[in-house]
Every structure is written in C-alpha cells, then in structure tokens.
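Here my numbering is used: the first residue of the sequence shown is 286, the next is one more, and so on. Ideal Cβ placement from N, Cα and C applies to all residues, glycine included.
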Amino acid sequence: MRAERVAIMTLQNLGRPRAEFLPRPSSIPGAAKRLRALLRHAGFTFSTAVERLGIDYRMWTGNTSTCDKVKAYLAQRPNDRFDIFLRFFTLCVPTDPAVLLRWMTPQDIELLRDMNLAVPTSDGCLISPMSLFECRGQFIATDSITNQTEDFNFVMPLLPESYEFAASTPRAGVDATLDLCTGSGIHALLAAQHSRSVCGIDISPRAIAFSKFNLWLNDACNVTFEQGDLFAPVQGRTFDLILANPPYEPVPQNQSNPGENYYCGGPMGDAITSRIFCSLEHFLRPNGVCQVIHMMVSFDGGTHEQKVRKWLGRLSDECSVGVISRPITFRSETICGATAVEFGITSIKRHAKGQGDAFPQQHVSAKVTG
Ligand SMILES: C[S@@+](CC[C@H](N)C(=O)[O-])C[C@H]1O[C@@H](n2cnc3c(N)ncnc32)[C@H](O)[C@@H]1O
286 MRAERVAIMT
296 LQNLGRPRAE
306 FLPRPSSIPG
316 AAKRLRALLR
326 HAGFTFSTAV
336 ERLGIDYRMW
346 TGNTSTCDKV
356 KAYLAQRPND
366 RFDIFLRFFT
376 LCVPTDPAVL
386 LRWMTPQDIE
396 LLRDMNLAVP
406 TSDGCLISPM
416 SLFECRGQFI
426 ATDSITNQTE
436 DFNFVMPLLP
446 ESYEFAASTP
456 RAGVDATLDL
466 CTGSGIHALL
476 AAQHSRSVCG
486 IDISPRAIAF
496 SKFNLWLNDA
506 CNVTFEQGDL
516 FAPVQGRTFD
526 LILANPPYEP
536 VPQNQSNPGE
546 NYYCGGPMGD
556 AITSRIFCSL
566 EHFLRPNGVC
576 QVIHMMVSFD
586 GGTHEQKVRK
596 WLGRLSDECS
606 VGVISRPITF
616 RSETICGATA
626 VEFGITSIKR
636 HAKGQGDAFP
646 QQHVSAKVTG
C-alpha cells in the first residue's frame, strides 16, 4: 500500500528546484559498470537493507513505526560500507566526501556527480537528490524516498508493492512484454531477463527519464521506454505478458487527477485500472498473461472478478481471472461508504484459441503478504 507517503527527512536546499534533478547517463566510459561494481562490493541488496533497518518486507509504508525505525537507524553511527551506502544512496543523507572516499575513489565521486547522484551542499557535504534501490539484481534510481514532495510528478520509489509484484510476476520465457505505468522501469527491466523484447510506458516524462537512466545503469539491450497514455504508443502491437502497477488510490478531484502523480486513480481509484482491462483484448495475445496491482473498492458486495469481467467485455469469455487480495483498512473521503476495500494482484490468462483451460496454478498461487 502506498497510501501513507513517507516523510522522514526535511527537504535539503539543493540550490536549484528539485524538479531539475534527473539522473543522467554518464558519458565517462565504463561508468554504469563501475557503479554496479561499487554497489555489489558493498553488498547493496534489498534484503540487507531491510535487515539493517529492522523493518522487514514492508519497509517503506511510511507508517509511524517504520519512520521511527528509520530515524532510529539514522541516529546510530554507521558500522561499515553498507551503512554508508544505504544512508547516502537510498536515504539521501548528506555525507562528508571524506567518508565516501574511504570506500570509493575520487574518480568514482566524479562519476556520481556526472550522473547527478551526488550534488554538493552549501556546507561541503555531498547528497544524492534521488534514491537507489536493489531489486533482484537490478539497481533502480527513483525520486528520494525520504524527501517526498507534491511539487512535481514524483517518480515512485520502490515500495513493498513493487517487490510483491516482482515476486508474483510469471518468469517463464516470452517473446514480447509490455509494462504499463512503468515509473522507474523496474518491472520492465526485470522482465528483460525472460523476454525477447520489452516496452515500458509512462505518461510522465520524468518517469521516462528515470527509466532510461535505469536501462543504461543495468545495461539491458532489449528494452525500450516510451512516454504516452497507457497503450497509445503501442497501438497495433500485441504482447505475451502485460504488467501494470497503476495509480489506484481513490482521491477527490479537487486534490488531483489521474495521470498527475503516481498514486491518483480518480475518485473511486479505478480510473486507470478500468481503462487497462477495457483495452486488453487488442493487446494481449492468445495464451498471454496480464498482471495488474489493484485496490478493489466495493459498495454493493460485488466481487472484484465481476467488475474485472465487465471491463474485459467480450474478452471475458476467453479468459481465466485470478484475484489475490487482502482486506485493508484504508478509506479516503471518496470511498468512506465502501463495504469492502482490498489490495492485491489481478491476473488474467487469455486462453489459447479454442481452449478454455482453468487458470494455471502458478498464477493463482503467488503470495501477497499481509
Ligand atoms: C504506482 S507508479 C508505478 C511505478 C512502478 N511501476 C513500480 O511498480 O514501482 C504508477 C505510474 O503510472 C504512471 N501513469 C499514470 N497515469 C498513466 C497513464 N494514463 N498512462 C501511463 N502511465 C501512467 C505514473 O506516472 C506513475 O509513474
């Protein structure tokens, strides 16, 4: 759940509007490889991060207890290179260059500055304006997890749902994959490892700048990122695997509209989700799978599957639908009368032509941790 947004640190004055800071592929030869090696040698993995922070899988939900644990961690002296890197690269803590120089060379610092991953502060420290995460061996830059702002279309950090979604994605080899609402590009880059080609789409130019940086950083060659509204950039193309972690939070119109930020799904939360399912018949190949993160809001006791099947229209007859959800307590002012709100993953399997098989077990058994 991303409904509680994290605010752990006070915004640092970076000397320029924050919106101007984008990660930048460096033209220095070998730069991406060198940064990956630095991070790997420090053991920079998600599992080590959650272990050090003591906050387990749901590390970034932004609730008070998580924020308190992160603050307590930050109040301790860093023990080793991992602690320094977690503070600097993920938690965006201003750091004395002399401390960084214990673990990297002056040339490495130049690389970081060239990529905009290190910016000087007025008191002689270096700070990263964005956060770096590891997920299944990929290194992913996003906007800063500890300095969230509504000042611009903020690129979503890797939240627990990003990791849950990555864990439940079918990883069988496929020809073509589409990642809608790609944000940092995380799911497109993970899919690159088992797809011949991948396309990631986001409406936000800022997200596309981050996803292209992450493509460069991870050295994938079979992924393209395009800016656009859902399926618009891929009209006429079809895919074996379609992934989407769309904005799904119910938000009143006077606060924000779908497409303006990473979380607003319109007053009922389903503005983007419904459009994805309504268009699916044109883009999902026979035998293809589509997985979408959902927040399901019910006012009448109807099931999420019934809603999804209505959106699928005539494609519904050719599909199995698998829904894995858990009840959540989240309510916003537009859904306060809801009888049920659930969060989880919807999986659609389009049958091969002439077949009507049940949903394959591997797709319904993925666990959504509560
Ligand atoms: C929840 S974030 C997903 C981030 C990433 N996929 C992840 O799981 O970590 C949703 C993304 O959808 C994008 N978005 C919103 N409306 C869109 C639309 N109509 N078409 C394409 N992308 C959209 C937002 O810019 C945002 O980057």
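Sorry if obvious, but does the Cβ on residue i come closer than 8 Å to a heavy atom of ligand 1?
i: Asn546; result: yes
i: Glu618; result: no
i: Ser489; result: yes
i: Ser554; result: The sequence as given places Gly at residue 554; Ser does not occur at that position. The answer is no for Gly554.
i: Asp381; result: no
i: Met400; result: no
i: Glu446; result: yes
i: Ser429; result: no
i: Met441; result: yes
i: Pro543; result: yes
i: Leu465; result: yes
i: Leu515; result: yes
i: Pro532; result: yes
i: Ser469; result: yes
i: Ala317; result: no
i: Phe450; result: yes
i: Ala505; result: no
i: Ile557; result: yes
i: Asn438; result: yes
i: Ala492; result: yes
i: Ile486; result: yes
i: Ile578; result: yes
i: His567; result: no
i: His472; result: yes
May I ask you to list the residues that DSSP assigns as paired with residue i?
i: Phe418; result: Ile425
i: His579; result: Gly629
i: Glu511; result: Ile486
i: Phe524; result: Leu569
i: Leu465; result: Ile486, Ala529
i: Ser312; result: None; Ser312 has no bridge partner.
i: Arg635; result: Cys604
i: Ser480; result: Val459
Taking C-beta to C-beta, are residue i and residue j nearer than 9 Å?
i: Ala403; j: Phe367; result: no
i: Val626; j: Phe615; result: yes
i: Cys466; j: Ser413; result: no
i: Ser617; j: Pro535; result: yes
i: Thr631; j: Val574; result: no
i: Arg303; j: Thr434; result: yes
i: Leu502; j: Ala637; result: no
i: Ala492; j: Pro308; result: no
i: Thr624; j: Phe568; result: no
i: Phe439; j: Tyr547; result: yes
i: Ile633; j: Cys604; result: yes
i: Arg611; j: Gly587; result: no
i: Leu386; j: Phe373; result: no
i: Thr619; j: Pro543; result: no
i: Leu528; j: Val582; result: no
i: Leu320; j: Phe370; result: no
i: Asn401; j: Phe306; result: yes
i: Pro314; j: Lys497; result: no
i: Tyr533; j: Gly513; result: no
Who are the near neighbours of residue i in its chain, counting only those whose CB is closer than 8 Å to its CB and skipping five residues on each side?
i: Pro382; result: Ile394, Gly409, Cys410, Leu411
i: Ser564; result: Leu515, Phe516
i: Arg560; result: Leu515
i: Leu475; result: Cys420, Arg421, Gln423, Ala451, Thr454
i: Lys354; result: Leu338, Gly339, Ile340
i: Asp399; result: Arg309, Ser311, Ser312, Ile313, Ala316
Can you find the residues in the same chain that come closer than 6 Å, C-beta to C-beta, to residue i, ignoring five residues on each side of it along the sequence?
i: Ser480; result: Val459, Thr462
i: Val508; result: Ala473, Ala477, Val483, Leu500
i: Phe418; result: Ile425, Leu443
i: Ser489; result: Asn438
i: Thr427; result: Ser416, Val440, Pro442, Ser469
i: Pro379; result: Thr406, Cys410, Ile412
i: Glu511; result: Ile486, Pro518
i: His589; result: Met581, Val608
Quick one: residues in its chain with C-beta nearer than 7 Å to the C-beta of residue i, no 5 flanking neighbours on either side, listed in chain order?
i: Gly300; result: none
i: Thr333; result: Phe367
i: Lys652; result: For Lys652, the pLDDT reaches just 38, beneath the cut-off of 50, and the residue's location in the model is therefore unreliable, although a value from the coordinates is still provided. Here the set comprises nothing.
i: Trp596; result: Ser559, Phe562, Cys563
i: Pro645; result: Legend: pLDDT at Pro645 = 48, less than 50; position of this residue unreliable, value from coordinates given subsequently. Closer than 7 Å at the Cβ level, and outside the excluded window around Pro645, lie Lys634.
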